[in-house]
Each structure stands twice: as structure tokens, then as C-alpha cells.
Amino acid sequence: MRLRHVLAQAFPLNYSKILRKNLPAYSRMPTDLQMQLKRRIRQFLYQKTFVGCGGLVITDEIRVTIAGKACLLLLNRNSDVFPQLTHVLVYPSAFVAPRQQMNAGGVVTHTNQGLSGESWSDGRVILAWDQSANNPKTEALGQDVVLHEFAHQLDSETGSVNGAPALKNAASYRVWSQVMGQEFEQLQLATEHGAPTVIDPYGATSPAEFFAVTTEAFFKKSTELACAHPALFEQLRGFYCVDPRDWV
3 MRLRHVLAQA FPLNYSKILR KNLPAYSRMP TDLQMQLKRR IRQFLYQKTF
53 VGCGGLVITD EIRVTIAGKA CLLLLNRNSD VFPQLTHVLV YPSAFVAPRQ
103 QMNAGGVVTH TNQGLSGESW SDGRVILAWD QSANNPKTEA LGQDVVLHEF
153 AHQLDSETGS VNGAPALKNA ASYRVWSQVM GQEFEQLQLA TEHGAPTVID
203 PYGATSPAEF FAVTTEAFFK KSTELACAHP ALFEQLRGFY CVDPRDWV
């Protein structure tokens, strides 16, 4: 009942201003998708807790921008709003995460790694705000850390993060596996030979990262991705139920 009450309220005017500022695609979307997005955002903001880290004070701009980008992944889809997610932790800029690695001899080494985002299966997403806002540098590269980490959240809803999110049926999984597997291998070959690609080479590290970076490309470089990788584009268009080329 409380959620229905929240969703029935008018979308705040300052929230709409934030979307127009930090989500370039929002102003070019048809009205029905704008309405869907705003409803998803309201639910996201009601159900998820934002935590400022490293001295960052959480503002409406931070909350609405991150919620808006995350909810782009849910348009036209009959799904809940990231049901496993409870907390979004936001740092002012890149944060340091401890890592440990075991070599072939069983020796464990401990290192620190600078990150702009992480997605955890325990209900947390961690983001750097300066990379999550409308950043001209990442826009030019077709990258978006929010889309990337929330693609991992969708991937994890099946119980494992393996590059295969929840699909409609077994036939859908067969086609997905064939197309994505071939495209993943092609990206690995291109990366090994230093060939230029529409898809971020980081996607060659694992099927999970491949799904996340191709999600970024689908929403940020849709025309280029459709031209260079039509079969891959069609799989993502079928999953996300939108065509971002319409918003260019």
C-alpha cells in the first residue's frame, strides 16, 4: 500500500530537470517510455538505500541520476526493480578495493585495486559519482559505469553471474549462447591482435563482463553496434525490449 501511494504521487519537477541534465536520452524518448522510466525511478528510490562513502553527501541529483540510468535497463520488461538490491554505495571518485590472488604455487598475494564500480551478489552496488554523472569523457567512449554494474545485477538474478541473464525459455537460451559465445570469441581474438572494436576490450575477460560491456554499447553506441554486430544487437534488443537507436 505504501509503494502504491508513492507511485501515485506526481514526479517532482526537480527530478525531471536532473534526468534532462544527466540522461541525454531521456528528452528524446517517447512519452510512454518517459512515464515508465519515472515510475521505475520512484520505486527504485523508495526501495533502495543510498549510502555516501568517502565523505560524499547523497543528494537528489545523485539518487535520481543513478536510479534513472539503472532503470533504463527495465523499460518494457515485465520484471521487478532489481529485487536482490538493497543498498547503493557511492564514493566521490574511484575507490580502492582489496584483492587477493593465488598463483600456481599456492602463494596468495594481496593488492589494492582502484575501481569506478562494483556489483555484489549480497545486495550492494558500489559506484564512483564522478563516473556515474553525465561525464563527457565516458560519453565519448560510449561507456557508463551505472549501466555496466546494473547489467551485472540482472545477470546475477539467475543465481550466477555468467553472462546469461534470465531469458524466456530454453530456446532463447540456446540462441543466446550461440550468438554471445561467437561474439565473445571474436572480441577475444580482436583484443589479442590489438584490432579496434565497437565493444570495450574489457569484455574479453569473461562472459559476465562481455554482457556488461555490450549492454553499455547497446545503450550508448547503438547505431555502431547494430552495424558492426547485427546478431548481437538483436539478442540485446530482444532482451531489453527497446531500440535505443530511436532516441538518437
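Numbering-wise (our numbering), the sequence shown opens with residue 3 and increments by one.
Here a beta-carbon is modelled for each residue, glycine too, at the ideal position from N, C-alpha and C.
Please work out which residues of its chain come closer than 6 Å, Cβ to Cβ, to Ala206, disregarding the five sequence neighbours upstream and downstream, and give them in chain order. Mapped onto the sequence shown, residue 206 falls at position 204. Only residues of its own chain outside the window of five on either side were considered, and among them Leu189, Gln190 and Thr193 have a CB closer than 6 Å to the CB of Ala206, listed in chain order.
Between Ile20 and Asp62, is the Cβ-Cβ spacing less than 8 Å? For the purposes of this step, residue 20 is identified with residue 18 of the sequence shown, where counting begins at 1. For the purposes of this step, residue 62 is identified with residue 60 of the sequence shown, where counting begins at 1. Taking 8 Å as the cut-off, the Cβ atoms of Ile20 and Asp62 count as close.
So, using beta-carbon positions, are Phe220 and Met182 closer together than 8 Å? Residue numbering aside, residue 220 sits at position 218 when the sequence shown is read from its first letter. Residue numbering aside, residue 182 sits at position 180 when the sequence shown is read from its first letter. No, Cβ-Cβ distance for Phe220 and Met182 is not below 8 Å.
Which partner residues of Val59 appear in the DSSP bridge assignment? For the purposes of this step, residue 59 is taken as the residue at position 57 of the sequence shown. Paired residue(s): none; Val59 is not in a bridge.
Over the uninterrupted beta strand (DSSP E) stretch that includes Ile128, give me the two end residues. Numbered from its first residue, the sequence shown carries residue 128 at position 126. For Ile128, the uninterrupted beta strand (DSSP E) segment begins and ends at Arg126 to Ala130.
Please report the residue range of the alpha helix (DSSP H) in which Thr216 lies. In the sequence shown, residue 216 corresponds to position 214, counting from 1. Annotation for Thr216: the continuous alpha helix (DSSP H) segment containing it runs Pro209 to Lys222.
Among Leu143, His89 and Val59, which has the Cα closest to the Cα of Val215? For the purposes of this step, residue 215 is identified with residue 213 of the sequence shown, where counting begins at 1. Comparing Cα-Cα distances from Val215 to each of Leu143, His89 and Val59, the minimum goes to Leu143.
Between Met104 and Thr88, what straight-line distance do the alpha-carbon atoms span, to the nearest angstrom? In the sequence shown, residue 104 corresponds to position 102, counting from 1. In the sequence shown, residue 88 corresponds to position 86, counting from 1. Confidence is the limiting factor: at Met104 the pLDDT is only 46, short of 50, which leaves the residue's position unreliable and the question unanswerable from this model.
Separation of Thr51 from Val8, as counted between CA atoms: Numbered from its first residue, the sequence shown carries residue 8 at position 6. Numbered from its first residue, the sequence shown carries residue 51 at position 49. Looking at the two C-alpha atoms, the distance is approximately 16 Å.
Using 7 Å as the cut-off, classify the Cβ of Leu21 as near or not near the heavy atoms of the ligand HEM, replying yes or no. The ligand HEM is not among the ligands present in this structure, which contains no ligands whatsoever.
One or two residues paired with Val90 in a DSSP bridge: The residue given as residue 90 occupies position 88 in the sequence shown. Beta-bridge analysis with DSSP links Val90 to Phe52 and Val127.
Which same chain residues end up closer than 7 Å to Ser29 when comparing Cβ atoms and leaving out the 5 residues on each side of it in sequence? In the sequence shown, counting from the first residue as 1, residue 29 sits at position 27. Around Ser29: Arg22.
Separation of Val148 from Leu39, as counted between CA atoms: Within the sequence shown, residue 39 is the residue found at index 37, counting from 1. Within the sequence shown, residue 148 is the residue found at index 146, counting from 1. If you draw a straight line from the Cα of Leu39 to the Cα of Val148, it comes to about 15 Å.
Looking at Val90: is its Cβ nearer than 8 Å to the Cβ of Leu58? Along the sequence shown, one-based indexing puts residue 90 at 88. Along the sequence shown, one-based indexing puts residue 58 at 56. It is not a contact, given that the beta carbons lie outside the stated cut-off.
Starting from Phe97, follow its DSSP beta bridges and name the residues at the other end. Position 95 of the sequence shown, counted from the first residue, corresponds to residue 97. Per DSSP, Leu117.
Nearest residue (CA-CA) to Gln184, options Asp132, Pro232, Met3 and Leu77: What you label residue 184 is simply residue 182 of the sequence shown in a count that begins at 1. When only C-alpha atoms are compared, the closest one is Pro232.
With 16 as the cutoff for other CB atoms within 10 Å, does Gln133 come out buried or exposed? For the purposes of this step, residue 133 is taken as residue 131 along the sequence shown, with counting starting at 1. Gln133 is buried by the Cβ-count criterion.
C-alpha distance - Val177 paired with Gln49, whole-angstrom precision: Here residue 177 corresponds to residue number 175 of the sequence shown, with the count starting at 1. Here residue 49 corresponds to residue number 47 of the sequence shown, with the count starting at 1. Whole-angstrom Cα-Cα distance: 34 Å.
Return the residue from the list Ala168, Trp249 and Asp146 that minimises the CA-CA distance to Ser2. Outside the shown range of the chain, which is 3 to 250, sits residue 2, and nothing can be said about it.
Are there 16 or more other CB atoms within 10 angstroms of the CB of Ala197, so buried, or fewer, so exposed? One-based indexing of the sequence shown puts residue 197 at position 195. The residue is exposed, with fewer than 16 neighbouring Cβ atoms inside 10 Å.
Where Leu77 sits in the DSSP three-state scheme: Against the sequence shown, residue 77 aligns to sequence position 75. When secondary structure is reduced to three states using DSSP, Leu77 falls in the coil class, being assigned neither helix nor strand.
Residue closest to Asn24, alpha-carbon to alpha-carbon, out of Phe241, Tyr175, Pro203 and Arg65: Within the sequence shown, numbered from 1, the residue matching residue 24 stands at position 22. Of the candidates Phe241, Tyr175, Pro203 and Arg65, the one whose C-alpha sits nearest the C-alpha of Asn24 is Arg65.
I need the DSSP call for Cys229, collapsed to helix, strand or coil. Reading the sequence shown from its first residue, position 227 is the one you call residue 229. Of the three classes helix, strand and coil, the one that applies to Cys229 here is helix, per DSSP.
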